[in-house]
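>
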Amino acid sequence: CYTWYMYFIYLVKCSDNTLYCGIAKDLERRLNEHNGVTKGGAKYTNPRRPVKLVYKEEVATLSEALKREITIKKLTREEKENLFLR
68 CYTWYMYFIY LVKCSDNTLY CGIAKDLERR LNEHNGVTKG GAKYTNPRRP VKLVYKEEVA
128 TLSEALKREI TIKKLTREEK ENLFLR
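Our numbering numbers the first residue of the sequence shown as 68 and each following residue consecutively.
#1: For a test of the three-state rule: what should DSSP assign to residue 91, helix, strand or coil?
#2: Quick check on the DSSP output: what are the complete alpha helix (DSSP H) runs of length 4 or more inside the segment 70 to 134, in order along the chain?
#3: Enumerate in chain order the residues of its own chain whose CB-to-CB distance from residue 128 is below 8 Å, with the five nearest sequence positions on each side excluded.
#4: Leaving out the 5 sequence neighbours to the left and right, which residues in its chain are closer than 7 Å to residue 103 when beta-carbon positions are compared?
#5: If you draw a straight line from the alpha carbon of residue 101 to that of residue 111, how long is it in whole angstroms?
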């Protein structure tokens, strides 16, 4: 049996107005972790709660997700905002 997994590359806006980029298979679970609803999250977002999802995109493979995450992390703040303010 073949199971198809999608990966999400996402941007969240933190309570201090900074942006955080990450990858997740289960985006809802990951957002709950970032917001402290469930255990987990990132050291960066922990003191900057709550976070709000502002952008997401789906890719088919982890390799694609990692490449896209690197590309997004290299963008300026303005370029990142253009992803979700279009």
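Just so it is clear, CB atoms sit at the ideal spot from N, CA and C, and this is done for glycine as well. Quick caveat: nothing in here was measured; it's all calculated off a predicted structure.
If we stick to the structure as given:
#1: As a first step, residue 91 is located in the sequence shown; it is residue number 24 there, counting from the start. Residue state, collapsed to three classes: strand.
#2: 94 to 101
#3: Counted from its first residue, the sequence shown places residue 128 at position 61. Within the same chain, residue 128 has close Cβ partners 74.
#4: Working through the sequence shown from its first residue, we reach residue 103 at position 36. If we look at residue 103 and ignore the five residues flanking it on each side, its Cβ neighbours are 116.
#5: Position 34 of the sequence shown, counting from 1, holds the residue named residue 101. Position 44 of the sequence shown, counting from 1, holds the residue named residue 111. Cα-Cα distance, rounded: 9 Å.
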